[in-house]
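Scroll down for the structure; my scribbles are underneath it.
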Amino acid sequence: MLPRRSLEPMSSHPPSSSQPSSSPASQGPSRITYALLSIALISASLLAYQVLLTRVSALRLHFHFGFLVISNCLLGIGASGSLLAVLEHRWSRDPRRFVWRSIALYLVSLVLTWAFLLTFSVPDTLNFTSVAEALRFSVFNLVAAAPFFVGGATVGLLLSAHSQVVSRVYAADLLGAGLGCVAVPGLLWLVGAGGTFLVVVLLGLFALPIAAPRDRRRVSLGAALVLGVACLALLPKLDRWLPVPGKSYLDLTDRVRANFAKSNEYSRWSANSRIDVLPMPVKWRFMFCRGTAALFMPLPQQKFVLQDGDAGTIVSDFTNDPRGFAVLRRTLYAASVNLLQGTSPEVFVIGMGGGNDVWAAKIHGASRIKAVELNAGVLDVHYKVVPEFSRGITEDPNIEIVNDEGRTALMREQARYDLVQMTGIDTWTSLTSGAYVLAENYLYTVEAFGQMLDRLKPGGILQVTRMAAEMETLRLLNNLSHALGERGDGALEGRVAALSTPDSLTAVLIKPDGFTDAQVKELGRFAQAHGITRVVLPGEPLDNPVAEFVSSPNKQAFVDSFPRDISPTRDDRPYFFNFNRWSKPLESAKFLREPTKVSQGNPAFLLTQLAASTVLAALLIVLPLWVLRRRAAQGGDVDASGAGTSSDRASNVRPRSKAGLLVYFASIGVGFIAIEVALMQKLTLLLGPPLYSIVVTLFALLIFTGVGSALSGRWIERGAPRPWLVPLGVALYVGLWLLLGDRLVATFIGHVTAVRVIVAGLATLPIAVLLGVPFAFGISSMQRESRSLVPWAWAVNGSATVVGSIATVVLSMSLGFNAVMVCAACIYALGFAALLHWRRGVIGGALSPPSAAVSGADLKP
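For the working numbering, add 737 to where a residue sits in the sequence shown, where the first one is 1.
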């Protein structure tokens, strides 16, 4: 154990009789307990607020703008570290009082920011060429970042003031953050966004009296009790009284734009999104995938179901008004089941949504239907909100409806089907979780299509319906072509048909055994009778790029010459909706205004964000050093004893040592976020819903990293022998994961959710424990020569994490997640090499000896 005095907060100044009674000396000896509890509570609150902000941003903005908000807000944490470094000469005189004040300010910033987020008007779709819109978005960004700045300052203060026991304090920080992360999904379902926000406030309120100096404890406790009771009373009601506004206008079709701002009949938050059920007046009723013959046919009563303000689906009352069946028979939903009518087909539907695929299969005589739906809120609409609409399918014993992610359910499925059908599925709502890198889809990779084909009986059909943009259909066919080739099924010709409707949707039908002449004839009749366009039909020459690709003998040449990127997407790089070439980022600038429903992940957008974040991070890193050096050149501040402050001492650390520390703390920030995001992706197929992957991976990483930090304390006390074992362990883990990760998923994919969650947690444990060591090791290495630079190190680490998150997106989109993991291991090795070089310089006397660099007040036993 460390000596008792080493548990006191850092103070560069001895107590003086001239100081007020609030000085540390007047309060009695400080205890480490307050620091551990305070940092755990504030970290839990801060991470919970971050997750909540991602949900609010997803509802108010399109997801790529939400990514901008979160990235810029996280830079606020880096900015707080920079400010702490500049003001170290002030807060170090009474750290606990400054911690208490920062917690109080954090609570105020939370309340004011939440009120702002709910009332400030931001355009649904932003035009950055408009100065007014760009300015409003910038204001939204800055205000949203306020709690990150103040909360980050609180965490930085506690880490800096107790840097002698940083392994324990950092462990508490991570453990608290892990608990905050895992709490939000359940809270959103129970009490909505408003109630979740009050829990965020409550966590901060609990920390207020704990951190209070002795002369402020009574008033802090009283305020926390009164405000805490008020929060608890409002917890179940606030979301109803002050709901988060969604997007006001929705494009129902290319020609119809409806204002749904205040017409919700039902609204509930889930972990994936907020579900809103809206009325559909007769003039707005419609159905996707209709041929021209059905455009003016009557439709039953309908409800429009929104997920995060868009990504809508329509629930129709086919149970009580079967007139709609005539419309269904004239849509793409019925294209494949029409071919199988009379054979009592078994059907597997990926993405139930409003239920049209299920209804179409039922009215065409399917003997068994299994439908998978990711969003539990959508199923709630069928079972609880308008059960009378869906009773015909929810109570049918031949229809099984499952709440699961489509790809994972497919991998666990053992039965074979006559038809596997997937219509218009995307996961934008569940993927607006703070990391733009999650704007991908594992349902449209080559491996996914191979697994869908594996689930077909002999003579079975796979039908996938997507938007009719040629580039999307072409990439879909390219992926299917590779899947067929890897299975040994042969070329696309004769095995594929494609039909499109006036609402810009295209259904691609794949039959590995090849369509019979009778089936080709029936498809032609079906299309002509219902006003559906034939895009590809076996044996029929059609003049369009899609048909040209199917018949092309050199498909790679076609792909290379096509103006957009339609190369195949695989599980390691599953960005189906990114059609911009990373090899030509400047060309992608002309597509910046392209809507997200057409293309996502524009290289020009991401590289601009990366450059802007890098510049801001560099300023946050360099500015404190410039201020400290300038202050030292002017004579520095003088404390009560007449000694120079630790800011002067910080400026005496040689540039070479600062460069080594900069590389180290930046490396562990970038490396950590890269491994975090890569593991989220790698575990998605095992865990299923993206929410599970995000929450389970992040929770396990934070908790086990905290354990690693706590365990590292004794290792550091012994002088940290063989520190190179840490980057070596990271490299070994990455290598093993690349070799065995796919086998791990295949082995446990068939088990129940609880087992898969445990396996994912255990798979995360080794790397997480290792990643808990570097930050505490780095801070401990700074103690004798550069202790007053601890806040600066916090700023470097936080700023680098933001840059690393964007760089991870860029790298994964261009090279894949395996490359991300390899780069992360190399970055950790680089960081440790820089720190070990710096330590050798210190130990070898290249820098000033401790007595010259640090005052006696800093060298506590």
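We put the beta carbon where it would ideally sit given N, CA and C, even for glycine.
Three or more pairs of CB atoms, one per stretch, sit closer than 8 Å, so the segment 1020 to 1039 contacts the segment 1063 to 1081. Cβ-Cβ distances below 7 Å link residue 1322 to 1340, 1341 and 1344 in the same chain, with the five nearest sequence neighbours on each side left out; the list follows chain order. Residue 1482 places its beta carbon less than 8 Å from that of residue 1422. In the three-state reduction of the DSSP assignment, residue 1417 falls in the helix class.
Closest in C-alpha terms to residue 1503, from the list 1446, 1557 and 1554, comes 1446. Taking the Cα of residue 1087 as reference, the smallest distance to any Cα among 1413, 1235, 1498 and 1150 is reached at 1150.
Three or more Cβ pairs drawn from the segment 1527 to 1536 and the segment 808 to 818 lie within less than 8 Å of each other, which places the two stretches in contact. Here residue 1179 carries a coil assignment [DSSP, helix/strand/coil]. With a 10 Å radius around the Cβ and a threshold of 16 neighbouring Cβ atoms, residue 1152 comes out exposed. Considering only 776, 1559, 1232 and 1548, the residue with the shortest C-alpha distance to residue 908 is 776.
Taken atom to atom, the span from the alpha-carbon of residue 1563 to that of residue 1182 is near 28 Å. Note that the segment 1040 to 1050 does not touch the segment 1075 to 1083; fewer than 3 beta-carbon pairs, one per stretch, sit closer than 8 Å. Taking the Cβ atoms as the reference, residue 1231 lies roughly 5 Å from residue 1251, within the contact range of under 8 Å. Contact check for residue 918 and residue 789: beta-carbon distance about 11 Å, past the 8 Å limit, so the pair fails to qualify. Beta-bridge annotation (DSSP): residue 1159 is paired with 1087 and 1201. A check of alpha carbon separations from residue 980 across 1426, 963 and 1006 identifies 1006 as the nearest.
Using a Cβ-Cβ distance cut-off of 8 Å, the segment 1459 to 1472 and the segment 1503 to 1517 are in contact, since at least three pairs of beta carbons, one from each stretch, lie closer than that value. Taking a contact as a CB-CB distance under 8 Å, the pair residue 1201 and residue 1234 does not count as one, their CB atoms being some 12 Å apart. If you compare the alpha carbons of 900, 1557, 1239 and 1145 with that of residue 832, the shortest gap goes to 900. At a cut-off of 3 residues, the continuous stretches assigned as beta strand (DSSP E) that sit fully inside the segment 1230 to 1282 are 1233 to 1238, 1242 to 1247 and 1270 to 1273. Partner residues in the beta bridge of residue 1041, as assigned by DSSP, are 1015 and 1051.
In the DSSP assignment, residue 1066 falls outside any alpha helix (DSSP H), carrying neither H nor E.
Sequence-distant partners of residue 1353 (beyond 5 residues in either direction) whose C-beta falls short of 7 Å from its own C-beta, in its chain, are 812. DSSP places residue 1137 inside the beta strand (DSSP E), whose first and last residues are 1136 to 1140.
Counting along the chain, the unbroken alpha helix (DSSP H) around residue 825 starts and ends at 825 to 828. Per DSSP, the beta bridge partners of residue 1107 are 1085 and 1137.
Membership of residue 843 in the alpha helix (DSSP H) is indicated by the continuous run 832 to 856. Assignment of beta-bridge partners to residue 1004 by DSSP yields 1013.
Taking the CA atoms as reference points, residue 1212 sits about 37 Å from residue 921. Within a 10 Å sphere around the beta-carbon of residue 1133 sit fewer than 16 other beta-carbons, which makes this residue exposed.
Residue 1111 is positioned such that its CB atom lies no closer than 8 Å to that of residue 1458. Separation of the CB atoms of residue 1436 and residue 915 is rounded to 5 Å, and the pair is thereby assigned contact status at 8 Å.
Around residue 1295, the same chain offers 1285, 1286 and 1289 as residues with beta carbons nearer than 8 Å, after the five sequence neighbours per side are excluded. The shortest C-alpha to C-alpha distance from residue 903 to any of 1550, 1547 and 1519 is the one to 1519. Judged by beta-carbon spacing, residue 786 lies within the 8 Å limit of residue 847, meaning their Cβ atoms are closer than that value. Between residue 894 and residue 821, the C-beta gap is smaller than 8 Å, which places the two residues in contact.
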